[in-house]
Amino acid sequence: MISLRFFLSLVFSICCTDVVYALNLSSPSLHEVLLPVPNTLADKILGARLSVSGATAAVSALTDNTRASGSVYIYDAEESWRLTTELNSPLSTDNFGQAIVLENNTLIVSADRDGEDAGAVYVFERNSLSSPEPWQQTAKISPPDGIAGDRFGGAIALAGDTLYIGAPLHTQGKLYIFKRNPESRQWLYIDSVIPDDPQALKFASAIATEVS
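Residue numbers for the sequence shown follow our numbering, beginning at 8 and rising by one.
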C-alpha cells in the first residue's frame, strides 16, 4: 500500500515559532495535524530536516550557527503524533542533525562538524514504545581515513543494511559505503568512491538510493 501521508515544514514564522505539518492526501481536509513544538527548541529551527517511515517521523532542529549542535525529535502517529523522543549529541559543536534518514526501526543522524569538522554519523535503533528509552544509540561511525575538514556525514542514504555517507570536502569529495552485519548489528566499512573527473568538487554532497 502506498502511503498518502507527507510532511511540510515551515522553517520561518511570523510568530517566532517554526512549525511542521503532517498532511494526508486521503483526508478531505488534507491537513491532518500540526506537530507539537518541543519545549527544548530554544533558538533552533524546527523542520530543518525531515524523514518519515511508516507511522514515525524524525524531525531535526538546527541553529543558524552550524558550529552548534542540533536535536532530532521523534513523533509517532499511533500516539496521535505525540513527541516520543528527543535525541541530542553529547557534544555542543558538531552540527548534530545535519542529515537524517529514518527507515523502519533504524535512524541515522549525521554530525558533520564532529572532531574539527572531520564528521561522524550516529545510528539509533528503536526499542518498544514502553521502554524508558524508545530509541537507543547503537553505533557512532567515523571514516577509516578521515581528517579534519572532511565533513563526513554531509549527506547520507540508507537502503536496508547498506549505508552511504558523503564527505564532500574530502579533497574533491568521497562516498563511503558501510554494511550492517545482520547478526552482530555492527556496521562494517565496505568501500569508497571518488570522482573520475579531476575537476569535480564536493562529490557526494547529495545521495539518493532507489527504493525497490
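Note that beta-carbon positions come from the ideal geometry of N, C-alpha and C, so glycine has one too.
Specify the secondary structure class of residue i as computed by DSSP and reduced to three states.
i: Gly180; result: strand
i: Ala84; result: helix
i: Glu123; result: helix
i: Ile107; result: strand
i: Asp198; result: strand
i: Ser117; result: strand
i: Arg74; result: coil
i: Ser58; result: strand
i: Ile214; result: coil
i: Gln144; result: strand
i: Val128; result: strand
Enumerate in chain order the residues of its own chain whose CB-to-CB distance from residue i is below 7 Å, with the five nearest sequence positions on each side excluded.
i: Pro45; result: Tyr80, Leu90, Glu93
i: Arg192; result: Thr145
Look at the alpha carbon of residue i and the alpha carbon of residue j, and state the distance between them as a whole number of angstroms.
i: Arg158; j: Ser149; result: 11 Å
i: Asp119; j: Ala215; result: 18 Å
i: Asn134; j: Asp203; result: 42 Å
i: Ser138; j: Ser99; result: 27 Å
i: Asn95; j: Pro205; result: 38 Å
i: Ala155; j: Ala127; result: 11 Å
i: Gly61; j: Leu42; result: 16 Å
i: Asp168; j: Asp83; result: 23 Å
Leaving aside the five residues before and after residue i along the sequence, list all residues of the same chain whose C-beta is less than 6 Å from its C-beta, in chain order.
i: Leu170; result: Phe185
i: Ala213; result: Ala162
i: Ala131; result: The identity of residue 131 in the sequence shown is Phe, whereas the question assumes Ala. Counting only Cβ-Cβ distances below 6 Å, and skipping sequence neighbours, we find Leu114, Trp142, Gln144.
i: Val200; result: Leu182
i: Gly153; result: Ala125, Phe159
Taking 8 Å as the cut-off, decide whether the C-beta atoms of residue i and residue j are in contact.
i: Leu53; j: Ala64; result: no
i: Ser76; j: Asn112; result: no
Ignore the nearest five residues each way along the sequence and tell me which others in residue i's own chain have a CB closer than 8 Å to its CB.
i: Arg74; result: Thr100, Asn102, Arg120
*Touching by the beta-carbon criterion (3+ pairs, under 8 Å), the region 202 to 216 and the region 168 to 186*: yes
*Within the chosen definition, does the region 98 to 118 reach the region 156 to 171 through at least 3 CB pairs nearer than 8 Å?*
yes
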